[in-house]
Amino acid sequence: MFIEPKTIIHEPKVGWIELICGSMFSGKTEELIRRVRRAVIAQRKVKIFKPKIDIRYHKIKVVSHNKNEIQSVPVANPLEILKLIEGEEDVIAIDEAQFFENSLVDVVTELANDGYRVILSGLDMDFEGKPFGVIPGLMGIAEYVTKLHAVCKRCGNIASFSYRLTESNKQVLLGEQEEYEARCRRCFIIGMEEKRNKLTSQKITF
Ligand code: ADP
Ligand code: MG
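In structure tokens form, the structure reads like this:
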């Protein structure tokens, strides 16, 4: 489990970057909420952001799959985060970071350099098992990277893939348990093969 680092307070203050990554249902949002709640107990001032496009559960709350929730500010792009910071915050948390553009790397670097503790969470792989957008860049610059795992819905092994149950090919398809399930590598490969075979047989039929 992640324990907040003990830091020597230098003046001017410098911050750091934490990234929580993994598949869908791996507990990223829960972990982000846990860290935020601990920061609040430690009397730190926290501001939480999420991408505007993600309103699956709630417009202005970050909500985990098991309905744990916390107030947040929805933003359209990383620059908006910089604009909304008032200067008195100690911790900046950002959920669903994979939906932001690559400029998020520069924005969070600037925040950490300016003394903020930045906690991000996001999907490290898309529905095809490919690295997801800005997340690999964030892995590179973060001081602390935590990779979480879900449970494979097919066999119960450790899951690191988000298997899409529908046929869409769009990289961003907001969804829940009807659209996605967590799978281990083996069950993910089997599912992708089944999808390919189905496509080929459809092509032959028409
Ligand atoms: P994430 O943000 O990584 O998508 P959340 O933090 O929102 O995940 O939710 C994690 C919760 O999802 C777990 O505590 C559990 O209650 C639930 N859950 C549903 N399906 C699974 C699964 N296949 N493996 C693990 N947890 C699951
Ligand atoms: Mg989440």
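Per my numbering, residue -15 is the first one in the sequence shown, and the count goes up by one each step. Glycine included, every Cβ here is placed at the ideal spot set by N, Cα and C.
Quiz item: Going by the CB atoms, is the gap between Arg138 and Cys171 shorter than 7 angstroms?
Solution: On the sequence shown, residue 171 is found 187 positions in, with the first residue counted as 1. On the sequence shown, residue 138 is found 154 positions in, with the first residue counted as 1. Cβ distance < 7 angstroms, so Cys171 and Arg138 count as in contact.
Run through the region 55 to 103 for me and flag every whole beta strand (DSSP E) of 3 or more residues, listed as ranges in chain order. Counting only runs of at least 3 residues, the region 55 to 103 fully encloses the following beta strand (DSSP E) elements, listed from N- to C-terminal order: 57 to 59, 75 to 78.
Rounding to the nearest angstrom, what Cα-Cα distance links Glu94 and Glu85 in this structure?
Along the sequence shown, read from residue 1 onward, the residue named residue 94 stands at position 110. Along the sequence shown, read from residue 1 onward, the residue named residue 85 stands at position 101. For the pair Glu94 and Glu85, the Cα-to-Cα distance works out to about 16 angstroms.
- Task: Please confirm whether any heavy atom of ligand 2 lies closer than 6 angstroms to the CB of Thr130.
- Result: Position 146 of the sequence shown, counting from 1, holds the residue named residue 130. No, the Cβ of Thr130 stays beyond 6 angstroms of every heavy atom of ligand 2.
Boundaries of the beta strand (DSSP E) in which Lys131 is found, first to last residue | The residue you call residue 131 lines up with position 147 of the sequence shown. From DSSP, the beta strand (DSSP E) with Lys131 extends over 128 to 132.
Checklist entry - In terms of alpha-carbon separation, which member of Asn97, Gly6, Lys34 lies closest to Glu127? => result By 1-based counting over the sequence shown, the position of residue 127 is 143. Answer by Cα proximity: Asn97.
### Query
For the region 70 to 87 against the region 54 to 62, are there 3 or more C-beta pairs whose distance is under 8 angstroms?
Contact holds: three or more Cβ-Cβ distances are below 8 angstroms.
**Asked** With 16 other CB atoms within 10 Å as the buried threshold, where does Thr13 fall?
**Response** Translated into positions along the sequence shown, residue 13 becomes position 29. Here Thr13 is buried: its Cβ has 16 or more other Cβ atoms, across all protein chains shown, within 10 Å.
Starting from Asp35 and walking both ways along the beta strand (DSSP E), at which residues does that stretch end?
Position 51 of the sequence shown, counting from 1, holds the residue named residue 35. Note on identity: in this sequence residue 35 is Pro, with Asp being the wrong assignment. That run of the beta strand (DSSP E) goes 30 to 35.
_Output needed for Glu73: all residues of its chain with C-beta closer than 7 angstroms, excluding positions within five of it in sequence on either side, in chain order._
Position 89 of the sequence shown, counted from the start, is the residue given in the question as residue 73. Answer for Glu73: Lys29, Val30, Lys31, Tyr100, listed in chain order.
Identify the continuous beta strand (DSSP E) that holds Lys45 and give its terminal residues. The sequence position of residue 45 within the sequence shown is 61, counting from 1. That run of the beta strand (DSSP E) goes 45 to 47.
Buried or exposed: which applies to Val(-2), given that a residue is buried once 16 or more other Cβ atoms fall within 10 Å of its Cβ?
-> The residue given as residue -2 occupies position 14 in the sequence shown. Answer is exposed; the Cβ neighbour count stays below 16.
So does Thr13 have its beta carbon nearer than 6 angstroms to some heavy atom of ligand 2? Mapped onto the sequence shown, residue 13 falls at position 29. Correct: Thr13 has its Cβ closer than 6 angstroms to ligand 2.
Under the DSSP definition of a beta bridge, which residues are partnered with Arg167? In the sequence shown, counting from the first residue as 1, residue 167 sits at position 183. Paired residues: Phe145.
*According to the Cβ coordinates, are Ser146 and Met8 closer than 7 angstroms?*
What you label residue 146 is simply residue 162 of the sequence shown in a count that begins at 1. What you label residue 8 is simply residue 24 of the sequence shown in a count that begins at 1. Judged by their CB atoms, Ser146 and Met8 are nearer to each other than the 7 angstroms cut-off.
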